[in-house]
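A.B. asks:
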Amino acid sequence: MMQIQKLYQQAISYAAEKHAQNNQKIPGTNLPYVVHLSNVAMELFVASSANDGLNMEFAVQVALLHDLIEDTDTTCEEIEDRFGVEIMNAVKALTKNNKLPKDQQLADSLIRIKKLQPEVWAVKLADRITNLQPPPQHWDNEKIIQYQKEARTIYDELKQGNDFLANRLKQKIEEYSDYIK
Ligand code: NI
Numbered sequence: 066m067m068q069i070q071k072l073y074q075q076a077i078s079y080a081a082e083k084h085a086q087n088n089q090k091i092p093g094t095n096l097p098y099v100v101h102l103s104n105v106a107m108e109l110f111v112a113s114s115a116n117d118g119l120n121m122e123f124a125v126q127v128a129l130l131h132d133l134i135e136d137t138d139t140t141c142e143e144i145e146d147r148f149g150v151e152i153m154n155a156v157k158a159l160t161k162n163n164k165l166p167k168d169q170q171l172a173d174s175l176i177r178i179k180k181l182q183p184e185v186w187a188v189k190l191a192d193r194i195t196n197l198q199p200p201p202q203h204w205d206n207e208k209i210i211q212y213q214k215e216a217r218t219i220y221d222e223l224k225q226g227n228d229f230l231a232n233r234l235k236q237k238i239e240e241y242s243d244y245i246k
């Protein structure tokens, strides 16, 4: 087994470059997208230090690679060749199927996530924790309410995956009410 520090560096370098190719930023900010990825990984490290049931070698790579298929031209084959089939399957489950109607995409992804390891559930929880930041300026109230509602669905469906992250997400959802006008 390779050291986790090395796995982290390989995955973040690969993902940072792919997301930078189309100059992707965190919506509503000027921050390069890799900041989002490292924040998701950070949430998992904090969760694993509170409660060490997580396979962090696996979880941290999934965290850093989780948006590659959704947001870049990276293929499943590339991810499988570099990181293995388990990580590719996890990233795939975390990817919305854009052939479905928009209002079915989250539910569909959650069904696929729930068939996989608890680390994959934990990445989805950490992803939404990380995304519950002050909403972008251009979002209207309806969009903000919808985003909070989606976060509740994620919490309800995945809370059994990781107690620490579930509690943290619950708190972030409550705090998010401050942004609703
Ligand atoms: Ni994400």
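Number 246 marks the last residue of the sequence shown (our numbering); no jumps.
Every residue, glycine too, gets a C-beta built ideally from N, C-alpha and C.
Could you check whether the Cβ of Val-99 sits closer than 7 Å to any heavy atom belonging to ligand 1?
C.D. replies: For the purposes of this step, residue 99 is identified with residue 34 of the sequence shown, where counting begins at 1. No, the Cβ of Val-99 stays beyond 7 Å of every heavy atom of ligand 1.
A.B. asks: If Ala-85 and Leu-102 are in contact, beta carbons under 8 Å, what's the gap, nearest whole angstrom?
C.D. replies: For the purposes of this step, residue 85 is taken as the residue at position 20 of the sequence shown. For the purposes of this step, residue 102 is taken as the residue at position 37 of the sequence shown. The pair is not a contact, with the Cβ atoms about 11 Å apart (cut-off 8 Å).
A.B. asks: Pairing CB atoms from the segment 72-87 with CB atoms from the segment 200-213, are three or more of them under 8 Å?
C.D. replies: Segments in contact, no.
A.B. asks: Tell me, please, which residues DSSP counts as bridged to Pro-97.
C.D. replies: Taking the sequence shown and counting its residues from 1, one reaches residue 97 at position 32. Beta-bridge pairing links Pro-97 to Lys-90.
A.B. asks: Which full runs of the alpha helix (DSSP H) of 4+ residues lie inside the segment 187-233, going along the chain?
C.D. replies: Segments of the alpha helix (DSSP H) lying fully in the segment 187-233: 206-223.
A.B. asks: For Ile-245, count neighbouring Cβ atoms within 10 angstroms of its own Cβ and tell me buried if that reaches 16, exposed if not.
C.D. replies: Reading the sequence shown from its first residue, position 180 is the one you call residue 245. Answer is exposed; the Cβ neighbour count stays below 16.
A.B. asks: Under 8 Å, do Ile-194 and Thr-160 count as touching if we go by C-beta distance?
C.D. replies: For the purposes of this step, residue 194 is taken as residue 129 along the sequence shown, with counting starting at 1. For the purposes of this step, residue 160 is taken as residue 95 along the sequence shown, with counting starting at 1. No.
A.B. asks: Please classify Gln-169: does DSSP put it in a helix, a strand, or coil?
C.D. replies: Working through the sequence shown from its first residue, we reach residue 169 at position 104. In this structure, Gln-169 counts as helix in the three-state DSSP scheme.
A.B. asks: Under the three-state reduction of DSSP, which class applies to Leu-109: helix, strand or coil?
C.D. replies: Working through the sequence shown from its first residue, we reach residue 109 at position 44. It is helical.
A.B. asks: Tell me, to the nearest whole angstrom, how far the beta carbon of Glu-222 is from that of Lys-179; I am working on the premise that it is less than 8 Å.
C.D. replies: Within the sequence shown, the letter at position 157 stands for residue 222. Within the sequence shown, the letter at position 114 stands for residue 179. Sure, about 7 Å apart at Cβ, within 8 Å.
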